[in-house]
Amino acid sequence: MSAPHLPKVAGIDPEVPVSTQTAAPLREVPAAPGAFIQDRLAGWVSDLTTLHELTERLASTTTLDAALNELLHAGAALVGARRGLLVLEPADSTTTPSTTLGLGLSHADLGHLETVERSATALGRVLDGHPGTADGLPTPDLLGDPGLDPRHREVATRLGYAASYALPLASEAAGRLGAAVWLYDEPGEPSEKQRHLVGLYARYATEHLARLIELERARADIATVAEELLPSRLPRIPGVQLAARHRTGPRGGGDWYDALPLPDHALGLAVGSVGGSGPSAMAAMGRLRASLRAYAVMEGEDPVAVLSDLELLLRLTEPARTATALFAYCEPAARKVVLAGAGHTPPLVLGERRCEYVETTLSAPLGMLACWEAPSVEFSPAPGETVLLYTDGLLRRTGDAMDRAFARLHSAAASVPKAGRHDPAAVADHVLRTMLPDGLDRTDSTEDVVVLAAHFD
C-alpha cells in the first residue's frame with residue numbers, strides 16, 4: 338500500500354530539496370562612527386573655526402601697530418600663554434624701523450629683557466635664524482636648564498616666567514620679518530596641535546604684516562613728496578612771526594600753504610586745497626602753488642587779480658579739476674591785510690580783545706564757474722593778534738557737521754593760554770591738540786590738515 342500524501346500546508350513545499358550545507362554568515366553592516374571619531378572631528382571643526390575667527394580679526398586691522406597687537410594676543414590664546422614679546426625686524430629697516438612690543442609686560446619689564454644677551458634667548462636665536470628654529474623653539478623648563486645664561490636666569494626669576502615658546506614671523510613670499518615669544522608662568526610647552534595652529538596663524542600674519550609694511554612705506558613716500566612740494570622754511574619778515582603745521586592724509590592729498598616775501602617789505606600768505614587725492618592731486622597742488630607764487634610776485638597787492646589769473650590757468654590747463662584757495666596780501670608795517678578767497682574757509686583772528694572769523698564774501702571754488710569773481714576784504718590786525726589760516730581738512734577730521742566744527746575751532750582758538758598767544762607755533766599746536774585730541778597721524782581719515790599762523794607784533 339502506498340504512503341499517504343502530506344497535506345498542503347502554507348510555507349511547506351515537499352518538492353523543494355533540503356540543503357545539507359551550512360548557510361553562509363550574514364555580512365556585517367559597518368557601525369556608525371564611534372564617539373572618539375566624532376569628538377575628534379568636532380575638535381578639528383572647533384580649531385578651524387577659532388583659526389578663522391582670529392585671522393578675520395587680524396585681516397580687519399589697517400595699521401601696523403594694530404596688527405602687531407592682534408598677533409600677540411591671538412598667539413597667546415593659541416599657545417595658552419599669558420604674556421609675550423614681539424620683535425619686528427624687516428630687512429629694509431631704513432623705512433620701517435625695528436619695533437618691540439610686549440603683552441602683559443611693562444616698559445620696565447621690556448628694559449630688563451633687553452639686558453639679556455640676544456644669543457642667550459630663544460627669541461634672539463629665532464630672530465637670527467639659527468638652525469632648528471624655523472618651526473618654533475620651545476623652552477619647556479627655562480630655570481631647570483643648567484646651561485642658561487646667568488643674566489637670563491636673573492631676569493626670568495625677576496619677571497616670573499619659567500618657560501617660553503618662540504616662533505619666527507616668516508613666509509616664502511615675505512621672507513623673515515621678525516619673531517614672537519610667549520612666556521609661561523610654569524614649566525611647560527604648547528602641544529603639537531597648538532604648535533600647528535599657531536604656525537598656520539603666524540604664516541598668515543606674516544603675509545598681512547608684509548602688506549601693511551609696504552603700505553606704510555608708500556604712505557611715508559607720499560608724505561615726503563608732499564613735504565617737498567611745500568615751503569622748506571618760512572620767510573622772516575619784520576613785524577610778523579610765522580608758523581605752519583601740515584599733515585598729508587594716508588592716500589596723499591592736495592592741501593597746501595605758502596608764505597613768500599613780496600616787494601616793499603610785504604608778505605603773501607596762501608592756503609588752498611585741490612580736489613581729489615593721490616599722486617594726481619599732489620602734482621596738481623604743486624603746479625597750482627607754483628603758479629600762485631608767480632602771480633603774487635607780479636600782482637600780489639591785488640588778491641582778486643591773483644586768484645582770477647589762477648582760476649583762468651586752472652580752467653584752461655585742467656578743466657576737469659576744481660580747487661579752493663585763499664590769498665592774503667599783508668603789509669606788517671601798516672598793519673593792513675587784504676585778502677580774497679575762492680570757496681575757502683575764512684581766516685580767524687585771535688587777540689587779547691577778540692577771537693572772530695574774518696567776514697569774507699561767499700565765493701565759488703576755482704574751476705567751478707565759467708567766470709570766477711569775488712571782492713576782496715581788508716582788515717587791520719592789532720598788535721599782538723594772530724591770523725589763523727587753515728584748510729577744511731582740519732574741520733572735517735573732527736567728524737562733526739561743518740557748523741559745529743567751526744564752533745569748535747573758534748572755541749579752541751579762544752582757549753589758547755595768554756602765555757602762548759604771542760607765539761604762532763604755540764597757537765597752532767594748541768588749536769590742533771584741542772581740535773584733534775587723537776593727533777594728526779590717524780589713518781582712518783583721508784583728509785589733509787594745514788594750519789598757517791601769522792602773529793603781528
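Residues in the sequence shown are numbered from 338 upward in steps of one, following my numbering.
Yeah, the Cβ is synthetic: ideal placement off N, Cα and C, and Gly gets one too.
Nearest-angstrom Cα separation, counted from residue j out to residue i
| i | j | result |
| --- | --- | --- |
| Thr-386 | Glu-393 | 10 angstroms |
| His-747 | Leu-732 | 11 angstroms |
| Phe-373 | His-533 | 21 angstroms |
| Tyr-541 | Glu-426 | 17 angstroms |
| Ser-383 | Asp-465 | 35 angstroms |
| Pro-813 | Glu-491 | With the chain covering 338 to 794 only, the question about residue 813 has no answer from this structure. |
| Ala-507 | Gly-469 | 14 angstroms |
| Ala-557 | Glu-529 | 41 angstroms |
| Met-619 | Ala-744 | 30 angstroms |
| Gly-525 | Tyr-498 | 11 angstroms |
| Glu-689 | Pro-761 | 14 angstroms |
| Arg-588 | Ile-559 | 8 angstroms |
| Pro-774 | Arg-488 | 42 angstroms |
| Leu-676 | Gly-576 | 18 angstroms |
| Met-705 | Gly-609 | 15 angstroms |
| Leu-651 | Val-611 | 11 angstroms |
| Arg-495 | Leu-422 | 16 angstroms |
| Arg-455 | Gly-461 | 5 angstroms |
| Ala-660 | Ala-742 | 21 angstroms |
Host alpha helix (DSSP H) of residue i (start-end)
| i | result |
| --- | --- |
| Gly-536 | 529-565 |
| Glu-636 | 616-636 |
| His-792 | No alpha helix (DSSP H) holds His-792; the beta strand (DSSP E) holding it covers 786-793. |
| Arg-420 | From DSSP, Arg-420 is part of no alpha helix (DSSP H) but of the beta strand (DSSP E) over 420-425. |
| His-583 | Unbroken run through His-583 is the beta strand (DSSP E), 577-584; no alpha helix (DSSP H). |
| Val-463 | 459-464 |
| Arg-741 | 739-751 |
As assigned by DSSP and simplified to three states, the class of residue i
| i | result |
| --- | --- |
| Gly-448 | helix |
| Glu-722 | coil |
| Arg-490 | helix |
| Thr-654 | helix |
| Arg-853 | No statement about residue 853 is possible, as the shown extent of the chain runs from 338 to 794 and does not include it. |
| Val-382 | helix |
| Thr-783 | coil |
| Thr-698 | coil |
| Glu-693 | strand |
| Arg-573 | coil |
| Ser-717 | coil |
| Thr-661 | strand |
| Gly-612 | strand |
| Ala-832 | There is no way to answer for residue 832, as the model of the chain reaches only from 338 to 794. |
Close-in-space but distant-in-sequence residues of the same chain around residue i (CB under 8 angstroms, 5 per side omitted)
| i | result |
| --- | --- |
| Val-764 | Ala-580, Leu-687, Thr-723, Leu-725, Ala-750, Val-753, Gly-757, Arg-758, Ala-790 and His-792 |
| Cys-692 | Leu-685, Val-686, His-747, Ala-750 and Ala-751 |
Cβ-based burial, residue i [other Cβ within 10 Å; buried from 16]
| i | result |
| --- | --- |
| Arg-420 | buried |
| Leu-592 | Here residue 592 is Asp; the residue named in the question, Leu, does not match the sequence. Per the 10 Å Cβ criterion, buried. |
| Pro-572 | exposed |
| Ala-551 | The question names Ala, but residue 551 is Glu in the sequence shown. Exposed, because fewer than 16 other Cβ atoms sit within 10 Å of the Cβ of Glu-551. |
| His-467 | exposed |
| Ser-717 | exposed |
| Thr-452 | exposed |
| Met-622 | buried |
| Gly-708 | Before going further, note that residue 708 is Cys rather than Gly in the sequence given. Classification for Cys-708: exposed. |
| Leu-450 | buried |
| Thr-698 | exposed |
| Glu-407 | buried |
| Leu-629 | buried |
Boundaries of the beta strand (DSSP E) in which residue i is found, first to last residue
| i | result |
| --- | --- |
| Ser-397 | Premise fails: Ser-397 is in no beta strand (DSSP E) and is neither H nor E. |
| Ala-507 | 500-508 |
| Pro-598 | 590-599 |
| Val-416 | Not the beta strand (DSSP E): Val-416 falls in the alpha helix (DSSP H), residues 401-416. |
| Phe-475 | Residue identity differs from the one stated: residue 475 is Pro in this sequence, not Phe. It spans 474-476 - the beta strand (DSSP E) in which Pro-475 sits, taken as one unbroken run. |
| Val-768 | Premise fails: Val-768 lies in the alpha helix (DSSP H), 761-772, not in any beta strand (DSSP E). |
| Leu-438 | 436-440 |
| Leu-732 | Counting along the chain, Leu-732 falls outside any beta strand (DSSP E), though it belongs to the alpha helix (DSSP H) covering 729-733. |
| Leu-685 | 685-687 |
| Ala-709 | Here residue 709 is Trp; the residue named in the question, Ala, does not match the sequence. No beta strand (DSSP E) contains Trp-709, which DSSP labels as neither H nor E. |
| Ala-517 | 512-521 |
| Lys-673 | 673-679 |
Contact set for residue i: own chain, Cβ-Cβ below 7 angstroms, skip 5 residues either direction
| i | result |
| --- | --- |
| His-545 | Leu-395, Ala-396 and Ala-404 |
| Ala-511 | Thr-543, Glu-544 and Ala-547 |
| Pro-354 | Caution applies to Pro-354, whose pLDDT of 47 falls short of 50 and renders its modelled position unreliable; the value that the coordinates give is listed next. For Pro-354, where only same-chain residues beyond five positions count, there are no Cβ hits under 7 angstroms. |
| Pro-568 | Asp-595 and Ala-596 |
| Ala-428 | Gly-512 |
| Asp-737 | Arg-745 |
Residues near residue i in its chain [Cβ-Cβ closer than 6 angstroms; skip 5 each side]
| i | result |
| --- | --- |
| Leu-599 | Gly-605 and Gly-637 |
| Ala-701 | Gly-680 |
| Gly-615 | Arg-588 and Gly-589 |
| Ala-603 | Glu-668 |
| Gly-586 | Thr-783, Glu-784 and Asp-785 |
Residue-level contact to chain D via CB, residue i, 7 angstroms cutoff
| i | result |
| --- | --- |
| Ala-517 | The chain inventory of the structure shown lacks chain D, comprising one protein chain alone. |
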